[in-house]
Amino acid sequence: FLEGQTLRDALQAGGPLPLPTVKSYMLQLCDALSYAHRNGVIHRDIKPENVQILPGGHIKLTDFGIARLIGEPNITQNGQVFGTPSYMSPEQVKGGEIDARSDIFSLGVLLYEMVSGKKPFTGDTIVTITYNITSVEPPPPPGAPPWLVGVIRKAMAKDPDMRYQSADEMAEDIREERCSDPLLAAANGTGTYPSPFGAAQQQPTPATQYGTPVPSSGPTPSVPDPFAPSTPTPAPTYAPPKPILSAETRNFLGVFFLVVGLAVMFVFAIWAVNLAYKSYVTAQTSRAAAAYYNQGVELYNKGNLDAAEQMFQNAIRVSPLSEYAEDAREGIYRIMISRAYELALARNAEALMDQAERMVEFRPNAPEGHYYLGLAYELLGDLEMALREYDTTSTLAGNDKQGYGKAARARRDAIIAAQTQSPTNSGALDTHTQPTSPRPQSIPHGNSDIPYQPGNLRRE
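At position 46 of the sequence shown the residue is numbered 48 (my numbering), and the sequence of numbers has no breaks.
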């Protein structure tokens, strides 16, 4: 239990804080963040509710419950992004990699709210808030001194490289009441920001351009030259009268173009928000798929095939079109091969048949499923179907490095040889031609000659 109140309580009770109080609180917060960052910890959820004001004006930064060590993944397995939307940095909103500078951005948002009593980024929905964070510059807090405006702007820069690079650097500017970036601090003392397009420049007159003084008021008198030759006045040219629009027509056209312009702006705004939201969702689902896939690989390498398959299925479910989903499908197929191999060793014909049919359905043009289907038919004594599946395997495999084509041809030749030697017993293999195991030693994945390597799955 901590005495005192949260910063949120103080802001709701009294509104904006006095400048000396703001400085004191910010210096203490910068010191706390500097200590955390030096020890490799990112807070990720800086907000007024997590700032405790103790008696005597001392500050405690609380709730490190979702903090993470620098270098750890930024998402959970389901792609959830941690943090409170109004205080998140642009890179945190997009689900990108974050570092200590993300906390600096959140601290700038907190400083803005302490000075103005309002959040810089608001909206009716999370989509609107996140769009404003990534794309909109908030107005400067009213009444803030120019140096403080510059500090806030630098802390809340969209690009992390343009922000303060450490909490100590930000604290130094606050302590000295300055902004180390002259482009962000208003040099004229007005507290306004420089325009991104530059100030309008007045074109110099010839007199001012070359340093000649000119009168400050009144037009320069024009004196005609009495010795200049007279120039004949040109005859007036005839111009056809221009059509004149009535007042009603002009008003109608003005309103029409205004409505069209507003409609175009509205459509563009909806498109921009939708694009930002789709980018946000895509980033999160892709990272979630990566987390599921990597966990599946780890379980797979440990031999926990059931749990690994579930993780691979989750990766496909959250982001079916991502590269991780494709890798997850490869992982699932390898699990199928492992199970089929074990069933073949156990000579469990019925279960092997079911597993092989699943493999063929999963990848119809892959040779492995047809090979194990041939083994299942051979174990059941249906040699005609076994030969058909071995022929299919040989056709699909060709000269594959895995050796399924070669193994299928060997099984096919063994069956034909057995039928030739014992035509009366063509329905099943005799003890001389029946292999000691469901597949020859040349078949890859699982035997001692060519071991099956789960670790070959790519991990991101």
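Cβ coordinates follow ideal geometry from the N, Cα and C atoms, glycine included.
Enclosing alpha helix (DSSP H) for residue i [first to last residue]
| i | result |
| --- | --- |
| Q167 | Where Q167 is concerned, there is no enclosing alpha helix (DSSP H), given that its DSSP letter is neither H nor E. |
| V129 | 128 to 137 |
| Q54 | Q54 -> not in any alpha helix (DSSP H); beta strand (DSSP E) instead, spanning 53 to 55. |
| S396 | 385 to 399 |
| R365 | From DSSP, R365 is part of no alpha helix (DSSP H); its letter is neither H nor E. |
| P92 | 92 to 95 |
| S118 | 102 to 118 |
| G405 | Element bounds for G405: n/a, residue is neither H nor E. |
| K25 | 21 to 40 |
| A157 | 148 to 157 |
| R10 | 9 to 16 |
Residue i and residue j closer than 8 Å at C-beta
| i | j | result |
| --- | --- | --- |
| E380 | R413 | yes |
| A157 | F123 | no |
| Y89 | K49 | yes |
| I55 | L9 | yes |
| P22 | M116 | no |
| I346 | L377 | Note that residue 346 is Ala in the sequence shown here, rather than Ile. Yes; because the gap between Cβ atoms is below 8 Å, this pair is in contact. |
| V153 | I176 | yes |
| I128 | P92 | no |
| A399 | Y406 | yes |
| E179 | W149 | yes |
| G119 | L31 | no |
| G16 | P57 | no |
| L29 | L109 | no |
| P143 | Y114 | yes |
| S340 | S288 | no |
| A342 | M361 | yes |
Nearest-angstrom beta carbon gap, residue j and residue i [assumed within contact, 8 Å]
| i | j | result |
| --- | --- | --- |
| A327 | G298 | Between G298 and A327 the Cβ distance is about 11 Å, and since that is not below 8 Å, they are no contact. |
| A410 | T395 | 4 Å |
| A353 | L375 | In fact, because the Cβ distance is near 13 Å, the residues do not count as touching under 8 Å. |
| S168 | H60 | S168 to H60, Cβ: 23 Å. No contact. |
| I337 | E311 | 5 Å |
| Y295 | A317 | 4 Å |
| S324 | A291 | 5 Å |
| A173 | R165 | In fact, because the Cβ distance is near 14 Å, the residues do not count as touching under 8 Å. |
| D47 | D65 | 6 Å |
| G333 | Y302 | 6 Å |
| P20 | R103 | The Cβ separation is near 28 Å, so there is no contact. |
Beta strand (DSSP E) segment containing residue i, residue limits
| i | result |
| --- | --- |
| K62 | 61 to 63 |
Short CB-CB distance (under 8 Å) between residue i and chain D
| i | result |
| --- | --- |
| A351 | Looking at the structure shown, chain D is missing, and only one protein chain is on hand. |
(request) Could you pull out every unbroken alpha helix (DSSP H) segment of at least 4 residues lying fully inside the region 308 to 357, listed in chain order? (result) If we require 4 residues or more, the alpha helix (DSSP H) runs fully inside the region 308 to 357 come out as 325 to 347.
(request) Would you be able to state if there are at least three C-beta pairs under 8 Å between the region 119 to 134 and the region 97 to 104? (result) The answer is no - the region 119 to 134 does not touch the region 97 to 104, with fewer than three Cβ pairs under 8 Å.
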